[in-house]
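Here my numbering is used: the first residue of the sequence shown is 1, the next is one more, and so on. All C-beta atoms, glycine included, are put in the ideal place defined by N, C-alpha and C. Treat the numbers as computed from the prediction; the structure is a model and nothing was measured. The structure appears right after this line, and notes come after that.
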Amino acid sequence: MIKRIGLFLCINFVVLMTIGFLVRLFGVDRWMMQEGIDYVQLLSFSAVLGFTGSFISLLMSKTMAKMFVGARVIERPKTEQEQWLVETVEELSKKARVKMPEIAVYSGSANAFATGAFKDDALVAVSTGLLQSMTRPQIRAVLAHEMSHVKNGDMVTMTLVQGVLNTFVFFFARVLTFLLHSSNNDEHRQRRAGGVGYYFTVRIFEMLFGILGSIVACAFSRHREYKADAGAAELLGDAKDMIDALKALGTTDMRPLPAEMKAFGIVDMPSFAELFSTHPSLRNRIKALSKQTFQHEKQGTGGVFSAVSSGRKMPWD
Numbered sequence: 001m002i003k004r005i006g007l008f009l010c011i012n013f014v015v016l017m018t019i020g021f022l023v024r025l026f027g028v029d030r031w032m033m034q035e036g037i038d039y040v041q042l043l044s045f046s047a048v049l050g051f052t053g054s055f056i057s058l059l060m061s062k063t064m065a066k067m068f069v070g071a072r073v074i075e076r077p078k079t080e081q082e083q084w085l086v087e088t089v090e091e092l093s094k095k096a097r098v099k100m101p102e103i104a105v106y107s108g109s110a111n112a113f114a115t116g117a118f119k120d121d122a123l124v125a126v127s128t129g130l131l132q133s134m135t136r137p138q139i140r141a142v143l144a145h146e147m148s149h150v151k152n153g154d155m156v157t158m159t160l161v162q163g164v165l166n167t168f169v170f171f172f173a174r175v176l177t178f179l180l181h182s183s184n185n186d187e188h189r190q191r192r193a194g195g196v197g198y199y200f201t202v203r204i205f206e207m208l209f210g211i212l213g214s215i216v217a218c219a220f221s222r223h224r225e226y227k228a229d230a231g232a233a234e235l236l237g238d239a240k241d242m243i244d245a246l247k248a249l250g251t252t253d254m255r256p257l258p259a260e261m262k263a264f265g266i267v268d269m270p271s272f273a274e275l276f277s278t279h280p281s282l283r284n285r286i287k288a289l290s291k292q293t294f295q296h297e298k299q300g301t302g303g304v305f306s307a308v309s310s311g312r313k314m315p316w317d
């Protein structure tokens with residue numbers, strides 16, 4: 001927890017320093033001062049606005065996830081399958097050295113997700129479609145993938161990344177709006193009064209910068225999926241079951257999770273453009289795991305993460 005707070009503070013500092021450097025490099029600070037705009041105050045406002053929304057979403061993530069999909073938390077196992085789920089997640093959480101998360105089941109097509117604000121207060125949920133369409137070794141692999149997300153603290157990391165992107169979006173959208181509206185005296189006065197034109201211009205720039213930010217966020221999300229697949233193989237001791245699980249997912253009738261949760265799922269619907277996909281294609285994920293397994297067998301080293309410990313390049317890097 002202390003490390004995560006430290007990371008949050010460091011990233012805030014780096015974001016502010018980076019934006020401040022760009023503002024000074026291009027002379028925007030001098031122009032804004034001439035216009036009577038306190039860019040430091042605007043930068044601070046953007047950072048607070050950018051990170052606040054992200055962290056509120058993170059803190060409410062478990063509650064919102066349960067509500068969005070209608071997940072039922074298994075408090076006392078009622079069936080043999082629920083008992084197996086609890087025992088399997090407990091086993092994997094011990095291997096991952098994290099506290100046992102809440103386990104939930106929800107009605108839907110084959111999918112699973114993990115969420116929560118903290119490693120030791122997470123939620124892992126699986127769908128009825130996944131339980132019905134997969135073998136237990138495959139389900140265990142999916143659970144290992146989700147536990148890898150929890151172990152890596154991916155929920156918090158994604159929140160930090162989104163907060164950074166939000167800060168850039170809010171700040172530069174307003175800077176460009178100031179620049180556009182200061183070109184005319186009447187519009188300059190309207191901007192000072194917070195006119196309708198200023199409001200809509202800000203929203204247009206936020207939308208445009210938001211699209212660019214989404215591309216960055218999706219790229220990071222795809223990278224963490226490769227890491228979670230490899231982490232699952234490490235928890236399982238072998239990549240075979242994870243590869244089999246990914247192949248099985250490719251044969252199921254996949255339906256997307258709610259938009260607010262699609263980055264959390266084990267799989268997401270392919271996007272019309274890979275730039276906007278939160279997950280790599282199943283084919284690429286299988287290829288990355290297969291390549292890593294081949295390297296491991298060829299070199300005779302111990303563990304799927306042997307390339308990391310030895311400094312070798314990973315398949316997805």
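inquiry  = Could you check whether His145 and Ile266 sit closer than 7 angstroms to each other, using their CB atoms as the reference points?
reply    = yes
key: Classification of Thr63 by the beta-carbon crowding that lies within 10 angstroms, buried from 16 upward   = exposed
For Ala122, three-class secondary structure by DSSP = coil
Contact the segment 155-164 vs the segment 235-243: 3+ CB pairs below 8 angstroms = no
ask   = Roughly how many angstroms separate the alpha carbons of Phe168 and Phe21, rounded to a whole number?
value = 13 angstroms
task = Measure the C-alpha to C-alpha separation of Lys99 and Pro77 and round it to an integer number of angstroms.
result = 19 angstroms
ask   = Of the residues Ala232, Tyr226, Phe276, Phe264, which one's Cα is nearest the Cα of Leu282?
value = Tyr226
inquiry  = On the CB-based measure, 16 or more other CB atoms within 10 Å of its CB, does Phe171 come out buried or exposed?
reply    = buried
message = Please classify Lys151 as buried or exposed, where buried requires at least 16 neighbouring CB atoms within 10 angstroms.
response = buried
request  = Have a look at Leu180, Leu275, Ala263, Ala217 and flag the residue whose alpha-carbon is nearest the alpha-carbon of Ile204.
outcome  = Leu180
key: Sequence ranges, alpha helix (DSSP H) only - wholly within the segment 76-115, length at least 4   = 80-96
Beta bridge counterpart(s) of Arg174 as assigned by DSSP = According to DSSP, Arg174 bridges with nothing at all.
Those residues which DSSP pairs with Arg24 across a bridge = Note: Arg24 sits in no beta bridge, so no partner.
ask   = Leu130 and Ala110: beta carbons closer than 7 angstroms?
value = yes
message = With distance defined between alpha-carbon atoms, name the residue in Glu87, Leu212, Thr177 nearest to Gly197.
response = Thr177
query = Can you tell which of Ala219, Ala65, Thr135 has its C-alpha closest to the C-alpha of Asp241?
reply = Thr135
task = Leaving aside the five residues before and after Asp120 along the sequence, list all residues of the same chain whose C-beta is less than 8 angstroms from its C-beta, in chain order.
result = Val98, Lys99
query = Can you tell which of Gly116, Asp229, Ser107, Ser57 has the C-alpha that lies nearest to the C-alpha of Gln132?
reply = Ser107
task = Please confirm whether Leu123 and Thr88 have their CB atoms less than 7 angstroms apart.
result = no
ask   = Which same chain residues, not among the five before or five after Thr278, have their C-beta less than 6 angstroms away from its C-beta?
value = Cys218, Ser221, Lys262, Ala263, Asp268
For Val216 and Gln83, the rounded distance between their alpha carbons = 40 angstroms
query = So what's Ser281 in DSSP terms, helix, strand or just coil?
reply = coil
key: Distance between Ala173 and Val202 (C-alpha atoms, nearest Å)   = 6 angstroms
request  = State the beta-bridge partners of Arg72 as determined by DSSP.
outcome  = Val105
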